[in-house]
Amino acid sequence: MLATAIASAVAAVAAAISSWLIWRTTKRNLLESVRPELALLDWGRTPREDAAVPHEAIRIGSLRNVGRGAAFQVTLSGFEMWDGQVTAHIATARIGVMGAGEEVALKSLVDVFWDKVAVPERGPKTLAVWPCVACLDAMGVRHVTTYLMFVSRDTSGPQPVDSVAAGITFAGRHTVTKSVRRLKLEKRLRRIPGLRRLVPADKPVRSWTE
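Here our numbering runs 69 ahead of the position in the sequence shown, where the first position is 1.
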């Protein structure tokens with residue numbers, strides 16, 4: 070009798086674990102089937118001598134959804150600061166909906182103010198730029214992708230293999246995914262003084278280890 074009861078309990082636990090694994094796999098496949106992936110394309114650079122403060126602009130020509138699902142409420146933004154001064158700025162661009170495989174032309178410019186960038190001990194001035202693309206998918210999950218681009222003031226000489234334009238190098242990208250329900254819960258918890266430190270607000274990614 071005891072052996073039979075133990076065998077039944079083990080079988081029940083195994084069935085429960087199997088059902089949970091099947092549910093988790095099904096949910097993951099569903100989330101992946103509607104997940105968008107937004108890629109910044111057609112990079113370039115141009116001087117802006119006609120601006121109030123002459124500077125250089127990095128052009129982002131288009132945005133393509135290379136994922137399997139549609140992207141909603143798409144935003145592109147970002148800025149950099151050095152010693153309290155803005156060294157690079159991206160005017161926020163908004164797109165309502167992007168279907169899977171759709172590409173949208175952009176007029177986004179990353180304004181780079183080289184006069185505010187520190188002079189290195191060796192080599193030309195170089196600036197790390199972190200464009201950020203955020204969107205929602207059909208399941209109410211928020212995806213925030215941060216790109217890391219290195220921009221060099223010197224465009225002469227041979228270009229690295231991973232260059233997307235003269236003096237602009239793609240170093241990688243990092244995506245943070247959270248459901249809208251979780252974001253709302255975290256926002257409510259941060260209003261409670263005792264829990265504020267336990268649920269810190271999301272900060273711009275500045276390292277792949279964050």
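Virtual Cβ for every residue (Gly too), placed ideally from N, Cα, C.
Among the options, which has the Cα closest to the Cα of residue i?
{"i": "K247", "options": "R211, A174 and W199", "result": "R211"}
{"i": "R117", "options": "V249, D180 and C204", "result": "D180"}
{"i": "V135", "options": "L109, H124, E149 and G209", "result": "L109"}
{"i": "K194", "options": "T224, F141, K256 and C204", "result": "T224"}
{"i": "A203", "options": "Q154, T144, P189 and L254", "result": "T144"}
{"i": "P189", "options": "A83, K253 and S221", "result": "S221"}
{"i": "K185", "options": "E149, P229 and A83", "result": "E149"}
{"i": "G192", "options": "R257, G236 and L254", "result": "G236"}
{"i": "Q142", "options": "L107, V230, L258 and L205", "result": "L205"}
{"i": "P105", "options": "R137, S232 and R93", "result": "R137"}
With 16 as the cutoff for other CB atoms within 10 Å, does residue i come out buried or exposed?
{"i": "R260", "result": "exposed"}
{"i": "L90", "result": "exposed"}
{"i": "T73", "result": "exposed"}
{"i": "L254", "result": "exposed"}
{"i": "I75", "result": "exposed"}
{"i": "I86", "result": "exposed"}
{"i": "L107", "result": "buried"}
{"i": "T278", "result": "With a pLDDT of only 37 at T278, under the threshold of 50, the placement of this residue in the model should not be trusted; the figure read from the coordinates follows. By the 10 Å Cβ count, T278 comes out exposed."}
Below 6 Å CB to CB, which residues in the same chain sit around residue i once its five sequence neighbours on both sides are set aside?
{"i": "G147", "result": "I159, W199, P200 and C201"}
{"i": "P227", "result": "none"}
{"i": "E172", "result": "S131 and R133"}
{"i": "G241", "result": "L217"}
{"i": "V245", "result": "V213"}
{"i": "F182", "result": "H124 and T156"}
{"i": "V79", "result": "none"}
{"i": "T215", "result": "W199, C201, H243 and V274"}
{"i": "Q154", "result": "K185"}
Residue j and residue i - do their beta-carbons sit closer together than 8 Å?
{"i": "L196", "j": "A126", "result": "no"}
{"i": "L175", "j": "A157", "result": "no"}
{"i": "A139", "j": "A187", "result": "no"}
{"i": "S166", "j": "G209", "result": "Going by the sequence as given, residue 166 is Val instead of Ser. Contact flag unset, no."}
Once the 5 residues before and after residue i are set aside, which same chain residues still bring their CB inside 7 Å of it?
{"i": "R128", "result": "W112, G113, R114, T115 and L178"}
Pull up the CB-CB distance for residue i and residue j, whole angstroms please, since I reckon it's below 8 Å.
{"i": "A234", "j": "V103", "result": "Actually they are not in contact, since the Cβ atoms of A234 and V103 sit about 32 Å apart, beyond 8 Å."}
Kindly indicate if chain B contains any beta-carbon less than 8 Å away from that of residue i.
{"i": "T224", "result": "Structure shown: chain B not included; a single protein chain is present."}
Suppose the cutoff is 8 Å on Cβ atoms and the five residues either side in sequence are ignored; what does the same chain contact list for residue i look like?
{"i": "S276", "result": "Because the pLDDT at S276 is just 41, under 50, the model does not fix this residue reliably, and the value given afterwards should be weighed accordingly. Nothing meets the Cβ criterion."}
{"i": "F219", "result": "T195, L196, A197, V198, I237, T238 and A240"}
{"i": "E101", "result": "R137"}
{"i": "A231", "result": "Here the sequence assigns Asp to residue 231, which means Ala is not the residue at that position. Same-chain partners within the cutoff: T238, F239 and A240."}
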